[in-house]
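Mapped onto the numbering used here, the consecutive letters of the sequence shown carry residue numbers 186 to 620.
Inspection log for the structure reproduced underneath, given as structure tokens.
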Amino acid sequence: MRRRRNQMDTNKLSKFYKKTHAEKISALKEAGVISLEEATVLTEDGLDLDPSVGEHMIENYIGNYSLPLGISTNFVIDDNEVLVPMAIEEPSVIAAASFAAKIIGSAGGFTTAVSDRLMIGQVTLKNVKDMEQAAQNIKAAEHNILERANEAHPSIVKRGGGAKALETRILEADPEENIPAFLVVHLHIDTQEAMGANIVNTMMEGIAPYIEELTGGKALLRILSNYATECLATATCTIPAHKLKTGDYTGEAVRDRIIEASQVALADPYRAVTHNKGIMNGVDAVVVASGNDWRAIEAGVHAYAARSGQYRALSKWQKNDQGDLVGTLTLPLAIGTVGGSISIHPGAKLAHKLMMYPDAKRLESILVSVGLAQNFGAVRALVTDGIQKGHMGLHARSLAISAGAKGEHVELIAEQLKKAPHMNLQTAKELLNNL
Ligand code: MEV
């Protein structure tokens, strides 16, 4: 298989997790991933926002709140190797993603498919007397409405995007809940490389008076919908059963247990929420690192999980005719590669560079693949050793750091803690005192 390496010398990054912080940064530099200047920024912990920028980003700014930024390795997505930056406070997530990506990468990696990127804007109308007639009027004026929407934001049209299609939805009255009927007009808008909230909202506010004229109703809401069903990305991976063997479990047994766990998560909302949380561990970490709006992604993804009327697992694991394990994940991913904090935040700028400046579709491919990897890593661990084995090692390190251990003492205390009868902060402090 031909694998494009994007001018990055990944050999320099082998055993990345074993390197010290300084070694990791020089390895990134030697691999051609970051510049000398960026290496200095990372060495001097200079990724934080400058206060002069921070105070213009939010109101009542008082300082920065950092998250650790790490890199998940081993990802091969559509035949391209990619380093995945992740901003996350939870231990194990990056290790699990890298481990899962290694197994999946050795079996050909992830294949992705990304739909057209259309954002949805809504004008919601109240007091519409004749819903059917109003909906017909809207449909008849579709061309004019799209034209007015595009006039409200001409620059996105110049960049090749703009309002592309229109749809109406009648929300029937619900007398039991005392909810009247509403008419909703949707525009499908191509926002190109932007997530596009401002573009969409400007257009919806721009067309609302005309929509009122056409329907005789009153516009109540004029805003984008974060339920981005017109902006979907799918990742699949195929893993031969023999690659799943671990401990006393045969590869076939692990495969079948993963399939059963997937079935449980499709059937049981209590399990589905945790299963999907595992997927979002990875997705959110990349969304945050890339400077995108993780609340928007979270909201859309969970609505998508409930699209059948029941909250279900977002991913599915099955067996193909060859007996391989096949995983699929589809997510609505309204992200962008320009706008918002992306070109302002030094961490976000570096994250885009680490991923070799993906366009928005490629970023969606990366996100959905990370979600599938994260899910595979979690479920594989759950149906075999359980996740505590891996977690406790990292927990031991956190306890050692909380107790005051520094440098090589962290690992030393963590090792002793793992063998101690009680793994807690008190024991960590005692062990540190004894050193
Ligand atoms: C923990 O952050 C995520 C998991 O609970 C996900 C899962 O149960 O699938 C391990």
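Heads up, the beta-carbon is just placed ideally off N, CA and C, and yes, glycines get one too.
Here residue 562 is near residue 282, since their CB atoms are less than 9 Å apart.
Residue burial annotation: residue 489 is buried, with at least 16 other C-beta atoms found within 10 angstroms of its C-beta.
Cβ atoms of residue 261 and residue 284 stay farther apart than 8 Å, at about 14 Å. For residue 419, the pairing in a beta bridge is given by DSSP as 298 and 515. Restricting attention to 344, 405 and 307, the CA atom closest to the CA of residue 372 is found in 307.
Here residue 469 carries a helix assignment [DSSP, helix/strand/coil]. Cβ-Cβ distances below 7 Å link residue 298 to 419 in the same chain, with the five nearest sequence neighbours on each side left out; the list follows chain order. Taking the C-beta atoms as reference points, residue 242 is found nearer than 9 Å to residue 526. Residue 459 has its CB nearer than 8 Å to a heavy atom of the ligand MEV. Taking C-beta atoms as the reference points, residue 556 and residue 443 fail to come closer than 9 Å. In the DSSP assignment, the residues bridged to residue 434 are 431. Residue 463 has its Cβ nearer than 8 Å to a heavy atom of the ligand MEV.
Remark: C-beta atoms of residue 558 and residue 497 do not approach each other more closely than 9 Å.
The Cβ atoms of residue 451 and residue 501 lie closer than 9 Å to each other.
Relative to the ligand MEV, even the nearest heavy atom lies 8 Å or more away from the CB of residue 439. Listed in chain order, the non-local C-beta contacts of residue 513 below 6 Å within the same chain comprise 421 and 501, local neighbours out to five positions each way being set aside. Under DSSP, the beta-bridge partners assigned to residue 270 are 256. With distances taken between CA atoms, residue 364 lies nearest to 312 out of 312, 566, 389 and 423.
With a 10 Å radius around the Cβ and a threshold of 16 neighbouring Cβ atoms, residue 480 comes out exposed. Distances from the CB of residue 572 to the heavy atoms of the ligand MEV include at least one below 8 Å. Leaving aside the five residues that flank residue 511 on each side, the residues in its chain whose CB is nearer than 6 Å to its CB run, in chain order, 423, 503 and 505.
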